[in-house]
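*Asks:* Add 2 to the 1-based position in the sequence shown for this note's numbering, that's all there is to it.
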Amino acid sequence: MKFVESSVDVRYAETDQMGVVYHANYLVWFEIGRTKLIEHLGFKYADMEREGILSPVTDIHASYKKPLTYGQKAHIKTAVKEYSGIKVVYYYEIFNDENELCVTGESTHVCVKKENFRPISIKKYFPDWHEAYMEMSSSE
Numbered sequence: 003m004k005f006v007e008s009s010v011d012v013r014y015a016e017t018d019q020m021g022v023v024y025h026a027n028y029l030v031w032f033e034i035g036r037t038k039l040i041e042h043l044g045f046k047y048a049d050m051e052r053e054g055i056l057s058p059v060t061d062i063h064a065s066y067k068k069p070l071t072y073g074q075k076a077h078i079k080t081a082v083k084e085y086s087g088i089k090v091v092y093y094y095e096i097f098n099d100e101n102e103l104c105v106t107g108e109s110t111h112v113c114v115k116k117e118n119f120r121p122i123s124i125k126k127y128f129p130d131w132h133e134a135y136m137e138m139s140s141s142e
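Below, the structure is given as structure tokens:
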């Protein structure tokens with residue numbers, strides 16, 4: 003898989019009573035990674051929304067390996083795992099500063115029309131995105 007990397011500082015507000023990152027914050031970091039991947043490809047999700055197309059999450063999973071704590075950096079690696087022309091599956095790995103794997107995850111998205119939430123063909127509506135996603139998903 004071809005990964006795009008980004009990092010975020012773990013903020014105190016993102017930790018829980020146990021002093022580790024609260025689990026739902028990893029989903030926010032997945033979104034940061036996904037957005038950076040899209041920008042790396044030369045696109046902006048906001049441009050898609052202006053065209054009346056949304057990309058809701060239809061499925062999401064996270065597997066926790068090692069906790070992150072306040073003061074550390076979360077290093078996010080994001081890749082396109084699967085792409086069908088309608089559905090995209092993103093894959094995530096989050097590491098700490100010692101390059102230890104802390105979390106893995108996947109999210110599945112389908113592009114839909116904002117007005118009725120019916121799925122659309124990315125190839126038809128956004129051919130440039132389609133080509134870029136085909137290339138990202140075929141990279142080994």
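Beta carbons are placed, not taken as given, at the ideal position from N, Cα and C, and that holds for glycine.
Could you check what DSSP says for Y72 in three-state terms: helix, strand or coil?
*Replies:* DSSP places Y72 in coil when its eight states are reduced to three.
*Asks:* Just verifying my parser: in three-state terms, what is the DSSP assignment at E95?
*Replies:* The answer is strand: DSSP assigns E95 an E or B state.
*Asks:* Report the three-state DSSP secondary structure of K125 (helix, strand or coil).
*Replies:* Helix, per DSSP.
*Asks:* Quick one: what's got a C-beta closer than 8 Å to N98's C-beta in the same chain, skipping five residues either side?
*Replies:* Around N98: K68, L70, Q74, K75, A76, H77 and C104.
*Asks:* Does the region 130 to 139 come close enough to the region 58 to 67 that 3 or more CB-CB pairs lie under 8 Å?
*Replies:* As far as the Cβ criterion goes, the region 58 to 67 does not touch the region 130 to 139, which means the pair count is below three.
*Asks:* Just checking, does the region 17 to 31 make contact with the region 48 to 56 on the three C-beta pairs under 8 Å criterion?
*Replies:* Too few Cβ pairs lie closer than 8 Å, so no.
*Asks:* Can you say whether R13 is buried or exposed, counting buried as having 16 or more other CB atoms within 10 angstroms of its CB?
*Replies:* Per the 10 Å Cβ criterion, exposed.
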